[in-house]
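Just remember that the working numbering sits 37 ahead of the position in the sequence shown, which is counted from 1.
We put the CB at the ideal spot given by N, CA and C, even for glycine.
Because the structure is a prediction, the values reported are computed rather than measured.
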Amino acid sequence: MKRVIVISTSLRRGSNSDMLADSFVEGAKRAGNDVEKISLVGKDIQFCKGCLGCQKLGKCVINDDANDIMAKVLEADVVVWATPIYYYEMSGQMKTLIDRMNAMFSLDYKFRDVYLLTTAAEDEEEIPKRAEKGLTGWIDCYPKSRLAGTLFCGGVNDAREIDGNAKLHEAFELGKSI
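Quick look at the structure:
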C-alpha cells in the first residue's frame, strides 16, 4: 500500500482537471492505496517572497495553507498534480504552490513517483508540454523522484464535455497502476 496525495489545482469545483483527479483517486483507492485528495479551492496560498527563510526553518515563514500541504507531500509515496492548462502552461495557483514548497529542498522526502494530469480546450499533443516541463523542473530538485506518468485530456471546454470521456477511464486505470 502506498500513501498517495492528489493535488487538484483548479479553483473551480467539478472542473475537468478535478474530474480527472477524482478518477485517479478512485483507481488508486481500488488498488488498495491510502489516498488523500487536496483541492486548492478555498485554500489560502500566498506568493513566495523569496526570503529563503524556509531553508533555515524547514517550513515557509508565511502562515497559510501551503505548509500543511507541503507536510503531506513530504510524507507521500506518490504525488499527483492535476491542473487545467491556461495559456499553454500549468495554472498559476499550481505554480505558486510549487514555488512555496521551496522549504522541501533541504528536507527528506518519501515520494518517488510524480504524476501529472492535465486538461485543456485545445487538443494538440504539444499543449501540455510546457506544464510538464515546469513540473519536471520541480522534480529535478528531488533526485530520488521521477515523473512516472502523465495524462492529457484535450478538446474539453467545460465539465459536461469530459463527463463520460475515455480519459476519465484512463485516469482511473493510471491510478490503479501505481
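Residues sharing a beta bridge with residue i, DSSP
i           : result
residue 190 : 156
residue 74  : 43
residue 145 : Bridge partners of residue 145: none, in fact.
residue 67  : Note: residue 67 sits in no beta bridge, so no partner.
residue 136 : Looking at the DSSP assignment, residue 136 forms no beta bridge with any residue, so it has no partner.
residue 118 : 44, 153
residue 183 : 150
Length of the line joining the Cα atoms of residue i and residue j
i           : j           : result
residue 64  : residue 133 : 28 angstroms
residue 181 : residue 148 : 8 angstroms
residue 156 : residue 76  : 16 angstroms
residue 213 : residue 93  : 38 angstroms
residue 135 : residue 85  : 9 angstroms
residue 48  : residue 106 : 16 angstroms
residue 70  : residue 209 : 13 angstroms
residue 56  : residue 204 : 10 angstroms
residue 206 : residue 90  : 43 angstroms
residue 81  : residue 128 : 16 angstroms
residue 44  : residue 163 : 23 angstroms
residue 74  : residue 46  : 11 angstroms
residue 215 : residue 99  : 34 angstroms
Beta-carbon proximity of residue i to residue j, cut-off 7 angstroms
i           : j           : result
residue 151 : residue 188 : no
residue 101 : residue 130 : no
residue 40  : residue 119 : no
residue 42  : residue 110 : yes
residue 160 : residue 186 : no
residue 140 : residue 97  : yes
residue 95  : residue 153 : no
residue 116 : residue 61  : no
residue 137 : residue 103 : yes
residue 158 : residue 194 : yes
residue 124 : residue 146 : no
Beta-carbon separation (whole angstroms), residue i vs residue j, contact threshold 8 angstroms
i           : j           : result
residue 50  : residue 72  : The pair is not a contact, with the Cβ atoms about 19 angstroms apart (cut-off 8 angstroms).
residue 126 : residue 168 : 6 angstroms
residue 53  : residue 121 : 7 angstroms
Item to check | Contained alpha helix (DSSP H) runs [length at least 4] in the segment 88-114, N- to C-terminal order | outcome: Unbroken alpha helix (DSSP H) stretches of 4 residues or longer found wholly inside the segment 88-114: 90-94, 103-112, given in chain order.
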